[in-house]
Amino acid sequence: MLGIEEIGSYIPHGRISNYSRKEKFAITDQFIEEKIGVAEVSVKGKEEDTSDLCIKAYQNLRIKKDISADEIEVLIVVTQNPDYNIPHTSAILHGALEIPQKCACFDISLGCSGYVYALSIIQSFMNANGMKKGLLFTCDPYSKIIDPDDKNTSLLFGDGAAVTLISDNPAYTFGKFTFGTMGKDYKNLICQGNKLHMNGRAVFNFTAKVLPDDIQQVVKINNTSFDKIDKFVFHQGSKFIVDTLTKRVGLPSEKVIFNAKNFGNTVSSSIPIILETEIHDKSNKLILVSGFGVGLSWSSAVIKRV
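Numbered by this note's numbering, the letters in the sequence shown go through residues 51 to 356 in order.
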């Protein structure tokens, strides 16, 4: 049975403080702490590209888990900000990590919902092809496309990467997934002219309207109940979004995690960055994960400790 064996991540050392930009954007400490919940955003170095962040996440994974490149049978990268439009970033990583030629490599173009979608994709791909070990990378360095004068995006998004080792020796296995798309609203979170544009109010309204029902549904189809879920790991869109979901679904706040204060919303990496710690807490028997954003799209799942 396939599942999550281990996770590694990398957050660049560069930081931009949101407190230093209060006057520029006419914001208060209360706005920073209660609305966005992000004190500073992480920023990659000018010389770092998407694949570089992924490599550093992999190096951190290898500190915890002795992995042989020869064992890797599939390598997937979730990104919408690749090194190049052509070739796929997974091919660049394949060469850099010296993985055998027989390894399958492809990218997935998804944003904030991408990690949960990709868990289902890599599980299905590996099962269909009799594979035992795969690497799932997530990395979307939005600093490439953020306008530093745009309050809606520059205060919120940080750079980061994560890699999840999927194997037949898992710590957590996968339950059932939910998926959804509201494509008519795609313009509410879009990159045009190489700049990111976000209608923050519309994205919040979408999340507050759609996700509570989806969370109810994923609990139901996994034949469990809210009181049996030990942790709820939502995409770290903002503190206000996470707090709103917590209240609307009626969850105990101690079961819901917000950890983006010191680096920001890392897009598809926000969930695995949290899971990197949470999968080592043996009291977490069931964890609900839910990603939502670009598309507009969403996906949720329940993972279970072996």
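All C-beta atoms in this analysis are idealised placements derived from N, C-alpha and C, irrespective of residue type, glycine included.
Bear in mind the structure is a predicted one, so any value in this text is a computation, not a measurement.
Option in I126, S92, A221, K194 with minimal Cα separation from R355
Position 305 of the sequence shown, counted from the start, is the residue given in the question as residue 355. Checked all of I126, S92, A221, K194; the closest Cα to R355 is A221.
Would you call T231 buried or exposed, if buried means 16 or more other Cβ atoms sit within 10 Å of its Cβ?
On the sequence shown, position 181 is the one that residue 231 refers to. Exposed: under 16 other Cβ atoms inside 10 Å.
Is the CB-CB distance between S101 and L143 below 8 Å?
Position 51 of the sequence shown, counting from 1, holds the residue named residue 101. Position 93 of the sequence shown, counting from 1, holds the residue named residue 143. The Cβ atoms of S101 and L143 lie closer than 8 Å to each other.
Three or more C-beta pairs closer than 8 Å, one from the segment 53-67 and one from the segment 213-227: is that the case here?
At 8 Å Cβ cutoff, the stretches touch.
Please work out which residues of its chain come closer than 8 Å, Cβ to Cβ, to S275, disregarding the five sequence neighbours upstream and downstream, and give them in chain order.
For the purposes of this step, residue 275 is taken as residue 225 along the sequence shown, with counting starting at 1. These residues qualify, in order along the chain: V269.
Under a three-way DSSP split, which group does C153 fall into?
Residue 153 sits at position 103 when you count from the first residue of the sequence shown. Looking at C153 - three-state DSSP - the assignment turns out to be coil, as it is neither helix nor strand.
Short of 7 Å in beta carbon distance, which residues of its chain neighbour K311, apart from the five on each side in sequence? Order them along the chain.
Residue 311 sits at position 261 when you count from the first residue of the sequence shown. The residues are G87, V88, A89.
Skipping 5 residues on each side, what residues in its chain have a beta carbon closer than 7 Å to that of G95?
The residue given as residue 95 occupies position 45 in the sequence shown. Leaving aside the five residues that flank G95 on each side, the residues in its chain whose CB is nearer than 7 Å to its CB run, in chain order, P62, G64.
For L346 versus N238, is the C-beta distance shorter than 8 Å?
The sequence position of residue 346 within the sequence shown is 296, counting from 1. The sequence position of residue 238 within the sequence shown is 188, counting from 1. Result yes, Cβ atoms of L346 and N238 sit closer than 8 Å.
Member of H330, H285, I291 whose CA lies at the smallest distance from the CA of C162
Residue mapping note: residue 162 aligns to position 112 of the sequence shown, counting from 1. Ranking H330, H285, I291 by Cα distance to C162 puts H285 first.
Would you check if the distance between the CB atom of A154 and the CB atom of V124 is smaller than 8 Å?
In the sequence shown, residue 154 corresponds to position 104, counting from 1. In the sequence shown, residue 124 corresponds to position 74, counting from 1. Closer than 8 Å, so yes.
Given a threshold of 16 other Cβ atoms within 10 Å of its Cβ, counted over all protein chains shown, does K106 qualify as buried or as exposed?
As a position in the sequence shown, residue 106 is number 56, starting the count at 1. Result: buried.
Provide the residue(s) that pair with E56 in DSSP beta bridges, ordered along the chain.
Translated into positions along the sequence shown, residue 56 becomes position 6. In DSSP, E56 forms a bridge with L215.
Please state if the CB of F207 and the CB of L357 are separated by a distance shorter than 8 Å.
Because residue 357 is not part of the residues shown, which for the chain are 51 to 356, the question remains open.
State the Cα-Cα distance for the pair N68 and M176, rounded to the nearest angstrom.
Against the sequence shown, residue 68 aligns to sequence position 18. Against the sequence shown, residue 176 aligns to sequence position 126. Using only the alpha carbons, I get a separation of about 42 Å.
Helix, strand or coil, according to DSSP, for I240 in the structure here?
Counting from one through the sequence shown, the residue named residue 240 turns up at place 190. In the structure shown, I240 sits in a strand (DSSP, three-state: E or B).
Excluding five sequence neighbours on each side, which residues of the same chain lie with their C-beta closer than 7 Å to the C-beta of D120?
Along the sequence shown, read from residue 1 onward, the residue named residue 120 stands at position 70. Within the same chain, D120 has close Cβ partners P150.
Take the Cβ of H138 as the centre, count every other Cβ of all protein chains shown within 10 Å, and call the residue buried at 16 or more, exposed below.
Residue 138 sits at position 88 when you count from the first residue of the sequence shown. The residue is buried, with at least 16 neighbouring Cβ atoms inside 10 Å.
May I have the straight-line CA-CA distance separating N202 from I321, to the nearest angstrom?
Taking the sequence shown and counting its residues from 1, one reaches residue 202 at position 152. Taking the sequence shown and counting its residues from 1, one reaches residue 321 at position 271. Distance between the alpha carbons of N202 and I321: 21 Å.
For F175, which three-state DSSP category applies?
Position 125 of the sequence shown holds residue 175. The answer is helix: DSSP assigns F175 an H, G or I state.
Within its chain, find whatever has a CB closer than 6 Å to the CB of C189; leave out the 5 residues flanking it on each side and keep chain order.
Within the sequence shown, residue 189 is the residue found at index 139, counting from 1. If we look at C189 and ignore the five residues flanking it on each side, its Cβ neighbours are T100, L103, C104, T129, A211.
Around the Cβ of S318, are there at least 16 other Cβ atoms within 10 angstroms (buried) or fewer (exposed)?
Counting from one through the sequence shown, the residue named residue 318 turns up at place 268. Buried: at least 16 other Cβ atoms inside 10 Å.
For Y165 versus L246, is the C-beta distance shorter than 8 Å?
Translated into positions along the sequence shown, residue 165 becomes position 115. Translated into positions along the sequence shown, residue 246 becomes position 196. Contact flag unset, no.
Which of the three DSSP states, helix, strand or coil, is assigned to G290?
Taking the first residue of the sequence shown as 1, we reach residue 290 at position 240. Inspection of the sequence shows that residue 290 is occupied by Phe rather than by Gly. F290 falls in the helix class under three-state DSSP.
Starting from F284, trace the beta strand (DSSP E) both ways and give me its first and last residue.
Indexing the sequence shown from 1 puts residue 284 at position 234. Annotation: the continuous beta strand (DSSP E) that includes F284 extends over 281-284.
Taking I122 as the reference, which of I113, K115, K182 has the closest Cα?
In the sequence shown, the residue the question calls residue 122 occupies position 72. Nearest C-alpha to I122: K182.
For C241, I'd like the list of residues in its chain whose CB is within less than 6 Å of its CB, leaving aside the five on either flank, ordered along the chain.
Taking the first residue of the sequence shown as position 1, residue 241 is located at position 191. If the five residues before and after C241 are omitted, its C-beta is found closer than 6 Å to the C-beta atoms of I195, all from its own chain and listed in chain order.
Is L185 near R71, with beta carbons less than 8 Å apart?
In the sequence shown, the residue the question calls residue 185 occupies position 135. In the sequence shown, the residue the question calls residue 71 occupies position 21. Not closer than 8 Å, so no.
Going by DSSP in three states, S340 sits in which element: helix, strand or coil?
What you label residue 340 is simply residue 290 of the sequence shown in a count that begins at 1. Strand.
Could you say which of V306, S333, K335, K332 lies nearest to I324 if we only look at CA atoms?
The residue given as residue 324 occupies position 274 in the sequence shown. Here the closest residue by C-alpha is V306.
Selection from S174, L336, D263 that minimises the alpha carbon distance to L295
Counting from one through the sequence shown, the residue named residue 295 turns up at place 245. Nearest C-alpha to L295: D263.
Under the rule that 16 or more other beta-carbon atoms within 10 Å means buried, what is Q173, buried or exposed?
The residue you call residue 173 lines up with position 123 of the sequence shown. Classification of Q173: buried, given that the 10 Å Cβ count is 16 or more.
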